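The letter at position 225 of the sequence shown is residue 225 when you use the working numbering, and the numbering goes up by one with no holes. Just so you know, even glycine gets a beta-carbon here, dropped at the ideal spot from N, CA and C. Note that the structure is a prediction, hence the values are computed from the model and not measured. Data block below; observations after.
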Amino acid sequence: MPDPFLRSLCLLLSALCFVAAPVPAQRTAKPPLHAKHWVAITGKPLAATAGALIFARGGNAVDASCAMLGAVSTMWDVLSWGGETQALIYHPLRRKVIGINALGVAPRGATAEFYRSRGYRHPPEYGPLAAVTPGTPGGLMTMLAEFGTLSLAEVLAPAIQLADGYPIEAQTADAIEREKEQIKQWRYSPPVYLPRRGESREAPEAGEIFVQRDLAVTLRKLVEAERAALRAGRGRKQAIYAAYARFYRGDIARELVRGVREQGGLITVEDLAGWKVRIEEPLSTTYKGITVFKLPIWQQGPVMLQALNILENADLVGMGYNSPEYIHALYQAMNLAYADRDFYYGDP
């Protein structure tokens with residue numbers, strides 16, 4: 001029998017959302033997916049393929065999730081490799097749900113006094129002065145080291161292949177074109193994202209091979225650190241943490257700080273070295289007999305749990321999915337939950 005952990009379920013963030021529709025049941029071109037042993041789902045088809053490849057190698061759900069996270073982050077997604085990572089992992093051997101908090105934090109120099117001295121009423125929305133310590137690399141490597149089974153080299157292989165060049169999808173290429181004036185503000189971004197500077201369309205065309213050479217170099221450095229640790233006789237877990245150390249305390253950290261501070265940012269080597277991933281106890285509630293888990297306040301997870309508690313006694317099925325009554329009930333429940341967030345626990 002295979003290790004039951006290979007069948008573990010890695011639950012990434014869920015959101016309570018709705019879309020108005022005039023019919024009780026909304027039709028969709030995306031059918032439900034069914035599987036016997038595993039299923040890989042994420043917002044980018046190529047990234048879901050990365051998860052499927054990892055499952056085919058015998059990896060568990062955390063291995064596959066880390067591969068998908070790395071692939072999605074490489075595909076110029078919302079947060080990318082400089083973003084943050086949150087996860088809920090069900091561990092069947094421990095019979096518990098585990099929370100991963102890989103939220104980046106503001107550098108120590110990002111004080112109210114600093115921003116006021118530069119003429120800001122509040123921190124800017126974009127750019128180096130808006131940057132927090134990158135959480136995605138640490139979150140990925142911590143999850144993989146603690147709950148995965150494969151090596152970092154195996155899990156990052158799809159992301160490295162994508163960074164070497166992949167046919168960019170139209171949605172991403174067009175988003176780059178729409179945001180090109182903002183991209184031009186930063187020294188190192190245009191050479192990567194705008195290969196046709198000066199032309200009417202400066203972003204890649206859909207299907208064009210999109211290459212991120214520097215990112216590929218960085219990801220290979222992580223793999224090199226893991227392999228060096230393995231050659232030195234360290235185990236799988238310790239080797240992955242050697243890659244973690246290279247990112248947050250080694251040459252990668254120093255180069256990241258150089259680039260950020262060169263453009264006016266505040267992140268220091270001390271900020272990176274002092275940041276760490278937190279493995280947490282998630283919050284939970286029950287909704288009509290189902291236990292629902294969410295990450296704590298830093299991810300505003302309690303808002304969803306509180307909304308479910310408010311809706312516990314509502315007959316949503318009887319209202320009809322996406323009927324006016326159904327949408328009104330959800331809207332009011334969420335209003336109340338978000339009001340409590342803002343007043344009681346929005347800023348601990």
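Whose C-alpha, out of the options, is nearest the C-alpha of residue i?
{"i": "Leu103", "options": "Pro158, Ile327, Ala87", "result": "Ala87"}
{"i": "Leu272", "options": "Tyr287, Gly289, Arg234, Arg249", "result": "Arg249"}
{"i": "Leu152", "options": "Ala228, Gly109, Arg116", "result": "Ala228"}
{"i": "Ser189", "options": "Arg213, Trp298, Asp164, Pro302", "result": "Arg213"}
{"i": "Glu154", "options": "Ala337, Gly233, Gly59", "result": "Gly59"}
{"i": "Gly82", "options": "Phe55, Phe247, Glu199", "result": "Phe247"}
{"i": "Tyr344", "options": "Val303, Gly318, Asn309, Ile327", "result": "Val303"}
{"i": "Phe147", "options": "Thr49, Trp298, Ile100, Ala48", "result": "Ile100"}
{"i": "Ala203", "options": "Ala71, Leu219, Ile183", "result": "Ile183"}
{"i": "Asn313", "options": "Trp298, Gln300, Ala333", "result": "Ala333"}
Taking the alpha helix (DSSP H) that residue i belongs to, which residues open and close that run?
{"i": "Val269", "result": "269–274"}
{"i": "Phe247", "result": "236–249"}
{"i": "Gln171", "result": "170–178"}
{"i": "Arg27", "result": "Premise fails: Arg27 is in no alpha helix (DSSP H) and is neither H nor E."}
{"i": "Lys36", "result": "Here Lys36 belongs to no alpha helix (DSSP H), and DSSP marks it neither H nor E."}
{"i": "Tyr188", "result": "Element bounds for Tyr188: n/a, residue is neither H nor E."}
So, under 8 Å CB-CB, residue i and residue j are touching, yes? Tell me the CB distance rounded to an integer number of Å.
{"i": "Ile288", "j": "Ile252", "result": "According to the sequence as given, residue 288 is Lys; it is not Ile. About 47 Å; that fails the 8 Å criterion."}
{"i": "Thr349", "j": "Gly139", "result": "In this structure the chain extends from 1 to 348, so residue 349 is not present and cannot be described."}
{"i": "Leu144", "j": "Leu46", "result": "Wrong, their Cβ atoms sit about 20 Å apart, outside the cutoff."}
{"i": "Ser436", "j": "Gly51", "result": "This structure leaves residue 436 out entirely; the chain is present only between 1 and 348."}
{"i": "Val397", "j": "Thr133", "result": "Given that the chain is displayed from residue 1 to residue 348, the structure contains no residue 397 and the question cannot be resolved."}
{"i": "Gly127", "j": "Gln185", "result": "7 Å"}
{"i": "Ile267", "j": "Pro123", "result": "In fact, because the Cβ distance is near 13 Å, the residues do not count as touching under 8 Å."}
{"i": "Ala35", "j": "Ile41", "result": "10 Å between Cβ atoms; not a contact."}
{"i": "Leu129", "j": "Gly264", "result": "6 Å"}
Give every residue of the same chain whose Cβ lies closer than 6 Å to the Cβ of residue i, excluding the five residues on either side of it in the sequence, and list them in chain order.
{"i": "Gly346", "result": "none"}
{"i": "Ala21", "result": "A caution first: Ala21 carries a pLDDT of 42, below 50, which makes its placement in the model unreliable, though a value can still be read off. Excluding sequence neighbours, Ala21 sits near Asn322."}
{"i": "Ala337", "result": "Val303, Gln306, Ala307"}
{"i": "Pro158", "result": "Ala50, Ala67, Ala71"}
Which residues in the same chain have their Cβ closer than 8 Å to the Cβ of residue i, if we skip the five residues on either side of it in sequence?
{"i": "Val97", "result": "Leu11, Leu88, Ile89, Tyr90, His91, Pro282, Ser284, Phe293"}
{"i": "Pro24", "result": "Note that Pro24 scores a pLDDT of 48, beneath 50, so its modelled location is shaky; the value from the coordinates is reported in the next line. So the list reads Gly320, Tyr321, Asn322, Ser323, once near-sequence residues are dropped."}
{"i": "Tyr244", "result": "Pro137, Gly138, Met141, Thr142, Ala145"}
{"i": "Ala242", "result": "Ala225, Glu226, Ala228, Ala229, Arg234"}
{"i": "Ala216", "result": "Ile160, Ala163, Asp164"}
How would you write the range of the beta strand (DSSP E) that residue i sits in, first residue to last?
{"i": "Gly99", "result": "96–102"}
Within a Cβ cutoff of 7 Å, which residues of the same chain sit near residue i, ignoring the five residues on either side of it in sequence?
{"i": "Gln238", "result": "Ala229"}
(request) Only counting runs of 3 or more residues, tell me where the beta strand (DSSP E) segments fall wholly within the region 47–92, in order along the chain. (result) 85–91
(message) My parser needs the beta strand (DSSP E) runs of 3 or more residues fully inside the region 274–328; what are they?
(response) 278–280, 283–287, 290–294
(request) Can you check the region 109–178 for any alpha helix (DSSP H) of at least 4 residues that lies completely inside it and give the ranges in chain order? (result) 112–117, 136–147, 152–164, 170–178
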